[in-house]
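Numbering (full-length UniProt numbering), first residue to last: 1 to 834.
C-beta atoms are modelled at their ideal positions from N, C-alpha and C, and glycine is treated no differently.
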């Protein structure tokens, strides 16, 4: 009898021990996919347990790979991994008690101990800890990757690494109990140096060596810019099975990745790839080809139009002319009216440079290393015709007659006078300024004051005061400055010689800054200054009667300044802003449009200054860049005080399309990440997205009524915003988008709408294309790197519309191009894939 009882008890004991060793499998409650393509697996959980996510590549295999570890929460817990999601049948979740943890990687140290000491220790990596000066056994953030990685202008035998940031890796015991090491390239230039330093072998079939390269401007598998790509030493190839396992091991030990790790196929590994290419088609190993990354022509047509002018290479200290088409190696902070723009560094779509290009309807493009292109370099210092399209440009020599005819056609026929109401003769609090008072305080000041009536939370819109045009006019007249300006303009060389004009205007600005402020005005400004708390820093923003108006944006023409307590009386800063009305680029802009310089006037918006902001950005209540179908708002954001409107030459902003009609903070398309955001994070996220969507919708609707623009498809509002150091979202400015035409019977069309229409945009499963001039004989789709992702030859049909399946494309921006055989034309259209 004792024997009979012993046997079942023994097997129960063995079963319990097996569960403790192997973990208790828990049912998966929910399987979803995040916006970046990663799995989100929800299980019942408790704080006393932790959970290991196991993965298998196909249903005939066991769950051999552990891809992540997550501590349990009360109720349910969501697990994810670094790579693209599999179907639910490819996942298993094991539960272990924290009090008696398992040793998943079999290195003799339990999971919980290693988790608590991560990344110095690692529950998913059997490698022993190493000193960070030598390397690491996990990369927990983009910051850590940067600390381990190096960049070299020249890497012998591995030219694909030239100029790229990369970190070396080595995996030992690859086939048994893999140990993954990431090498600190600042200490060890070679794999052999590292293995010698820590005492491991670097030879044998069980050792795999390579590097992980970061490509900041290459779209990743998640649809956003910024791809990590690994390959093996000297670019040599490996079998599909080795590549797949390396991909999984590296990703599991780089938990900050968000479905943005690819296998880099070099020229040397092309043969191995082609032998196994069928296996890659169904695998979750994204591919990045050396030929695509390094053979592409880097180009971005920012403002698609045409123009004529004299083609000049410019430095930032030189002054371009009205008829110059300028080539810049870096982006100028301010730019007068010119005939066209080429930059060799990436611009932002909402930079002052591109907004000016849109407003002035001049071509603007980014072309990488343009002087290496003969058709560009050979035309320097010649009159040219320049046309920008979204995926290509045209440039040719032009005659002087063509250039002169072009500019004479652009200028208005009659002189223009700015709206100027001098009955508004008092400094007023913003809460006493209405929208209709723009002719006394300027549109910038009036629009900020108007937004304070929209019911936003306290502090969302700045509070302060407006100084009216009346003060500027009185100041200039009392000091006889207008008479001096008229004498200057009557100088015949002033109009002919731009360098002389710049010099005389600079002298005139100094006279304005040195002129005496009338006593009554001095007293009123002192009262305004005293209305702010003691020792306040006051932001004084230009608000003229020839900017922020329908059809004339004036972005970047005039100065705004911050008045610091040590500067004394506010009159000093006010006079500096008055003087900016007479800067060269603003004067030339008014002169071109035949605007009266003496009715052009300066008002000033004053409010408390913001400093130490967490982020800033620009948004538009439509999508003017990718031209989605009136369902998205477009945002550029950047961390800290790095301006969107005047970016540093190396700064790349976050670019985001936010669903205008949703109420969820998850309904957005991240087109591009900021290269300044720490750890590859998103700047606008969570509640900020919901807030800014709600604010921008109200701003659009309210101003649409006030500008009498209801039903005008060209109307949109552009806003500038900040996230303060306290975390509050601030709307600091609103103005009509530069393409808005204030005419009820005018409808703006996309230039490419004349050739084809594409819908829906953004698309999920398919796109419909209606070709106005008949079906093309073939079409192809390329991603933003220029890589062709789809090609179709078509039978010519009388029916000009057809459907193209795009459901298998990763999320991101694409360009569809069709070839019309009957007239030899190429027609392109951008679209966004969700």
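Residue of the options minimising C-alpha distance to residue i
i           : options            : result
residue 467 : 410, 512, 489, 527 : 527
residue 538 : 477, 610, 480      : 610
residue 694 : 540, 23, 314, 729  : 729
residue 266 : 287, 632, 246      : 287
residue 586 : 765, 322, 782, 429 : 322
residue 85  : 222, 128, 51       : 222
residue 308 : 279, 270, 360      : 360
residue 319 : 502, 30, 82        : 502
residue 808 : 247, 284, 264, 191 : 284
residue 141 : 506, 118, 613      : 118
residue 395 : 715, 386, 403      : 386
residue 702 : 659, 545, 450, 662 : 450
Which of helix, strand or coil DSSP assigns to residue i
i           : result
residue 28  : coil
residue 521 : helix
residue 368 : coil
residue 58  : coil
residue 225 : strand
residue 833 : strand
residue 287 : strand
residue 262 : strand
residue 254 : coil
residue 107 : coil
residue 465 : strand
residue 165 : strand
residue 817 : strand
residue 533 : coil
residue 492 : helix
residue 763 : strand
residue 391 : coil
residue 827 : strand
residue 737 : coil
residue 384 : strand
Residues near residue i in its chain [Cβ-Cβ closer than 8 Å; skip 5 each side]
i           : result
residue 416 : 593, 594, 595, 596
residue 109 : 103, 121
residue 521 : 471, 474, 475, 571
residue 83  : 38, 67, 247, 248, 251, 257, 259, 261, 284
Continuous alpha helix (DSSP H) stretch holding residue i: start and end
i           : result
residue 175 : Per DSSP, residue 175 belongs to no alpha helix (DSSP H) and is neither H nor E.
residue 699 : 687-706
residue 471 : 469-478
residue 76  : Looking at the DSSP string, residue 76 is not in any alpha helix (DSSP H); the run it does join, the beta strand (DSSP E), is 75-79.
residue 353 : 352-360
residue 198 : 191-198
Length of the line joining the Cα atoms of residue i and residue j
i           : j           : result
residue 799 : residue 558 : With a pLDDT of 48 at residue 799, under the threshold of 50, the modelled position of that residue is not reliable, and no figure is offered here.
residue 455 : residue 606 : 21 Å
residue 481 : residue 500 : 19 Å
residue 719 : residue 828 : 30 Å
residue 833 : residue 733 : 31 Å
residue 599 : residue 473 : 9 Å
residue 796 : residue 777 : Bear in mind that the predicted position of residue 796 carries a pLDDT of just 44, short of 50, making it unreliable; the figure below should be weighed with that in mind. Computed Cα separation, rounded: 6 Å.
residue 765 : residue 805 : 6 Å
residue 817 : residue 442 : 44 Å
residue 460 : residue 327 : 40 Å
residue 91  : residue 98  : 22 Å
residue 62  : residue 54  : 9 Å
residue 711 : residue 668 : 25 Å
residue 174 : residue 181 : 12 Å
residue 384 : residue 398 : 5 Å
residue 144 : residue 202 : 24 Å
residue 447 : residue 438 : 8 Å
Contact test: residue i Cβ vs the ligand SAH heavy atom, cutoff 7 Å
i           : result
residue 160 : In the structure on display, the ligand SAH does not appear, and there are no ligands present to speak of.
Contact set for residue i: own chain, Cβ-Cβ below 7 Å, skip 5 residues either direction
i           : result
residue 197 : 134, 188
residue 488 : 494, 504, 508
residue 380 : 311, 313
residue 158 : 234, 235
residue 725 : 612, 613, 614
residue 641 : 613, 616
Cβ neighbours of residue i in the same chain (closer than 6 Å, five flanking residues each side left out)
i           : result
residue 26  : 43, 93, 95
residue 841 : The structure shown does not extend to residue 841, since the chain is modelled only from 1 through 834, so no value can be given for it.
residue 578 : 472, 512, 602
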